[in-house]
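Asks:
Number of protein chains: 4
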Amino acid sequence: MARSGDSIDVRVQRSKAAVLAQTYELLSAGGIGGVSIDEVSRRSGVSKTTIYRHWPSRAALLVEACSTIGSAPPVPDTGSFGGDLAALTEELAEQLRSARWAAVLPSIVDAAEREPELAGLHADLHARLMAPFGVVTERARARGELAADRRQDDVSAAVAGPLFYRRWYSREPLDSAFVRRVVEDALVRLR
Amino acid sequence: MARSGDSIDVRVQRSKAAVLAQTYELLSAGGIGGVSIDEVSRRSGVSKTTIYRHWPSRAALLVEACSTIGSAPPVPDTGSFGGDLAALTEELAEQLRSARWAAVLPSIVDAAEREPELAGLHADLHARLMAPFGVVTERARARGELAADRRQDDVSAAVAGPLFYRRWYSREPLDSAFVRRVVEDALVRLR
Amino acid sequence: MARSGDSIDVRVQRSKAAVLAQTYELLSAGGIGGVSIDEVSRRSGVSKTTIYRHWPSRAALLVEACSTIGSAPPVPDTGSFGGDLAALTEELAEQLRSARWAAVLPSIVDAAEREPELAGLHADLHARLMAPFGVVTERARARGELAADRRQDDVSAAVAGPLFYRRWYSREPLDSAFVRRVVEDALVRLR
Amino acid sequence: MARSGDSIDVRVQRSKAAVLAQTYELLSAGGIGGVSIDEVSRRSGVSKTTIYRHWPSRAALLVEACSTIGSAPPVPDTGSFGGDLAALTEELAEQLRSARWAAVLPSIVDAAEREPELAGLHADLHARLMAPFGVVTERARARGELAADRRQDDVSAAVAGPLFYRRWYSREPLDSAFVRRVVEDALVRLR
DNA sequence: CAGTAAACGAGACGGTACGTCCCGTCTTATG
DNA sequence: CATAAGACGGGACGTACCGTCTCGTTTACTG
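Protein chains in written order, with the numbering used here: chain A, 10 to 200; chain B, 10 to 200; chain C, 10 to 200; chain D, 10 to 200.
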């Protein structure tokens, strides 16, 4: 063995970075179905051989390429559950309007529906995306602003549910009036 | 000329029926991505040539094959907005748990995100699926059970949003306790 | 079936012809090892898919591509064994000097040595190449110009052996003096 | 400097020996086409880097690996040209039947046909193989058993030609009857 | 009920992607 | 400084589908 335990060959780093970047690019443009190893290879200048050296399958590559997306925005701390929830929801709405992953998520959901390998990807991504709601929820429960049986998932469903619905199902603009109402409704319900 | 204006060749009818049936089958099993003309041809016994003769594109075939799914269940009429909404939501939850289209919708959402031809399909399907909420909402507004500015979409978002979220995003079981709570929460706020 | 028994699709004919031509081209230039399906496809403009539709393997393609080479030149009939043999040997020497297959034969011999599929090819080619010696030999035996136990192979070995040796093993020019002497030597002994 | 002028690093000697041995092994088994640097490296335990350090190309390695094969058998001295030739031919036939290089020669011939670097290898090998015929021929000419214009190459062609032909072209067994006849024929012709 | 035009199946075709294999070169770290 | 380990780009392999296309053959309507 010519390599000490944890240092990583710079060539490997360079190759992996280039591949992941282009994979993410293709993913953003065409969803999961739009990512082909051949095309990634062509655009990144990294040979297919090398790609398969680092990732055993297309799914594995996708998983890693997605691992950076939806990284948690800073959790707001306004002092009240209402303020925190409003800030978080505005942020989520903004991302749904503009973030690249917003166009990709449906294809991940679809893939999770039938490819077990990618179901894990979906779970990770979802957890990362929703973690701030957990923080805010726990904080509010500690302050007694929420009923004892309300958990992160109730809050997420009450807020993200309508937003997602609007973004992908009724496909109407996520205007701020709607977002504001969703927050108000959620506060009324969850109180 | 061998054909009068509107009568349709029985062969055409037979071919189209067989193709649509198999398309729907494949659609249910593998989502939009799982439908390939080759496979439809193989299973239906109708040649590819003939399929492309009747539908100009894969998208067109999908649109027609989807036109039958999500057909509106009978709209309940219990006399109160609460009763109607509960019945409707239970029905929706049941379909999300078991109906074939539930596994297909994410792929349609994804397709709508990038193929304009299929965006129309998504819109149709969504309209059909949500129509009962419109009926119930209008009825409730007429009875004064709802604020004047509440429309179908607010109701849909408040109820279907959390359900969809649970079905496809947090991917937890849609147990009846959750469904009941969603209805109650919605009523609290929309009243 | 849309095609009657023996007629052949013109497209098939065109494709096969183009592929065989380019295969032969590559074969001449680089021997058996110089033929790759990818390159044949590239040069002939016929897709790899189509090539594999018509030939199950690289070996099968090579076999067919070689089937036209070494086609028997007209068998001379000078009236005497000596005259026939001289003409035949001159012709063989000329081909060894210039014919494209002369540069290819060693690679076929080599392939025959280890790939059974190609051993058949070698046998066919060899039979075709040496057939004229058989004709001439039989004719001479009928006329009593040859001992009763002399067969085609003795004649071939006595004449082609030295020629081949010179062409591929000592690698000296096949000048006409050498050819003449080979014929004379053969006649001395075989008479 | 750690090393004096002409002594050779023991590591170098060990590496080269291991590489040459394995190269010869592969050569015997699969001909020239069967030798790959990767495989040599794998089997010999010597890294590819090291191999390419010692030999500039695959051809150079092959040349050196072949330099030991076909080493001249002891030249017989029976007292007569006939006896010598018979002994030499029997020996050659025996090698063609069993020696490892017999399966390799066609691939060398083929390589010589198109790679100049390997043409030299072929020439060396051929010279080594045929040298005994030269010795015997000169001896016979000195004794007056051969016409003055007969040289080694005439003898080689007359004897090795038919043998090679039989071994690689007609691909029939090199039985001793055939070998005996070849010798007799050669003696008749060359006398 | 015969003729004809349409519908039809078979399948050839050029593409593109797949995942694997092996090549020869090049880089890095070790001894 | 020779070496082992192995990353790298290149390219061929044979397979699977894709959607387009060109055929020759039914087959159902129509005059």
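The beta-carbon is built from N, C-alpha and C at its ideal position, and this holds for glycine as well.
With a 10 Å radius around its C-beta and 16 neighbouring C-beta atoms as the bar for buried, classify residue 25 of chain A as buried or exposed.
Replies: buried
Asks: Starting from residue 115 of chain B, follow the alpha helix (DSSP H) in both directions and report where the run begins and ends.
Replies: Counting along the chain, the alpha helix (DSSP H) containing residue 115 of chain B begins and ends at 109–123.
Asks: Whose Cβ in chain D lies nearer than 7 Å to the Cβ of residue 175 of chain C?
Replies: Correct list: 166.
Asks: So is residue 41 of chain A buried or exposed if we call it buried at 16+ other beta carbons inside 10 Å?
Replies: buried
Asks: Is residue 198 of chain A near residue 197 of chain B, with beta carbons less than 8 Å apart?
Replies: yes
Asks: Of all the options C:71, C:75, C:109, C:97, which has the alpha carbon lying nearest to the alpha carbon of residue 146 of chain C?
Replies: For residue 146 of chain C, the nearest C-alpha among the options comes from C:97.
Asks: Can you pull the chain B residues whose beta carbon is under 7 Å from the beta carbon of residue 42 of chain A, in chain order?
Replies: 42
Asks: Under a three-way DSSP split, which group does residue 100 of chain A fall into?
Replies: helix
Asks: Would residue 119 of chain C and residue 45 of chain D be called neighbours here (beta carbons separated by less than 8 Å)?
Replies: In this structure, the beta-carbon distance from residue 119 of chain C to residue 45 of chain D does not fall below 8 Å.
Asks: Inspect the beta-carbon positions of residue 35 of chain B and residue 49 of chain B and report whether they are closer than 8 Å.
Replies: yes
Asks: Quick check: is the beta carbon of residue 31 of chain D nearer than 8 Å to any beta carbon in chain C?
Replies: no
Asks: Listing by chain order, which chain D residues have their CB less than 7 Å from the CB of residue 152 of chain C?
Replies: The premise fails here: residue 152 of chain C is roughly 21 Å from chain D at the closest Cβ pair, so nothing lies under 7 Å.
Asks: Kindly say whether residue 27 of chain D, judged by its beta-carbon, lies nearer than 8 Å to any beta-carbon of chain C.
Replies: no
Asks: Taking Cβ positions, are residue 166 of chain C and residue 174 of chain D nearer each other than 8 Å?
Replies: yes
Asks: Would you mind working out which of D:168, D:181, D:148, D:67 sits nearest residue 162 of chain C, comparing C-alpha positions?
Replies: The residue among D:168, D:181, D:148, D:67 with its C-alpha nearest the C-alpha of residue 162 of chain C is D:181.
Asks: Any idea what DSSP makes of residue 5 of chain D, helix, strand or coil?
Replies: Coverage of chain D is limited to positions 10 through 200, which leaves residue 5 of chain D absent and any answer about it impossible.
Asks: Using a Cβ-Cβ cut-off of less than 7 Å, list which residues of the stretch 107–124 of chain C approach chain D; keep chain order.
Replies: 112, 115, 116, 118, 119, 122, 123
Asks: Indicate the three-state DSSP secondary structure (helix, strand or coil) for residue 92 of chain A in the structure shown.
Replies: Secondary structure of residue 92 of chain A (DSSP, three-state): helix.
Asks: Tell me the rounded alpha-carbon separation between residue 61 of chain D and residue 68 of chain D.
Replies: 11 Å
Asks: Does the beta carbon of residue 82 of chain A come closer than 8 Å to any beta carbon on chain B?
Replies: Not a single CB atom of chain B sits nearer than 8 Å to the CB of residue 82 of chain A.
Asks: My output table needs one value for residue 182 of chain D: the three-state DSSP class, helix, strand or coil.
Replies: Coil at residue 182 of chain D, not helix or strand.
Asks: Secondary structure at residue 62 of chain D, three-state DSSP: helix, strand or coil?
Replies: Three-state result, residue 62 of chain D: helix.
Asks: Kindly indicate if chain C contains any beta-carbon less than 8 Å away from that of residue 179 of chain D.
Replies: yes
Asks: Would you say the stretch 69–84 of chain B touches the stretch 123–141 of chain A, given that touching needs at least three Cβ pairs under 8 Å?
Replies: Under the three-pair Cβ rule at 8 Å, the stretch 69–84 of chain B does not count as touching the stretch 123–141 of chain A.
Asks: Going along the chain, which residues of its own chain have a beta-carbon closer than 6 Å to the beta-carbon of residue 64 of chain B, five neighbours each way excluded?
Replies: Within the same chain, residue 64 of chain B has close Cβ partners 70.
Asks: Under 8 Å by Cβ, that's how I've got residue 101 of chain B and residue 192 of chain B pegged, so tell me the actual separation to the nearest angstrom.
Replies: Cβ-Cβ separation between residue 101 of chain B and residue 192 of chain B: approximately 11 Å, too far for a contact (criterion under 8 Å).
Asks: Is there a Cβ of chain D sitting closer than 8 Å to that of residue 68 of chain C, yes or no?
Replies: no
Asks: How many whole angstroms separate the CB atoms of residue 168 of chain B and residue 195 of chain B, which I take to be in contact at a CB cut-off of 8 Å?
Replies: Sure, about 5 Å apart at Cβ, within 8 Å.
Asks: According to the Cβ coordinates, are residue 53 of chain D and residue 72 of chain D closer than 8 Å?
Replies: no
Asks: Rank B:190, B:130, B:144 by C-alpha distance to the C-alpha of residue 89 of chain B and give the top, closest one.
Replies: With distances taken between Cα atoms, residue 89 of chain B lies closest to B:144.
Asks: Is residue 183 of chain C near residue 105 of chain C, with beta carbons less than 8 Å apart?
Replies: Yes, the Cβ-Cβ distance between residue 183 of chain C and residue 105 of chain C is below 8 Å.
Asks: For residue 56 of chain C, does the three-state DSSP call read helix, strand or coil?
Replies: In the structure shown, residue 56 of chain C sits in coil (DSSP, three-state: anything other than H, G, I, E or B).
Asks: Can a CB atom of chain D be found closer than 8 Å to the CB of residue 182 of chain C?
Replies: no
Asks: Is the separation between the beta-carbon of residue 84 of chain C and that of residue 37 of chain C shorter than 8 Å?
Replies: In this structure, residue 37 of chain C does not lie closer than 8 Å to residue 84 of chain C by Cβ.
Asks: If you reduce the DSSP assignment to three classes, tell me which class residue 32 of chain D lands in.
Replies: In the structure shown, the three-state DSSP call for residue 32 of chain D is helix.
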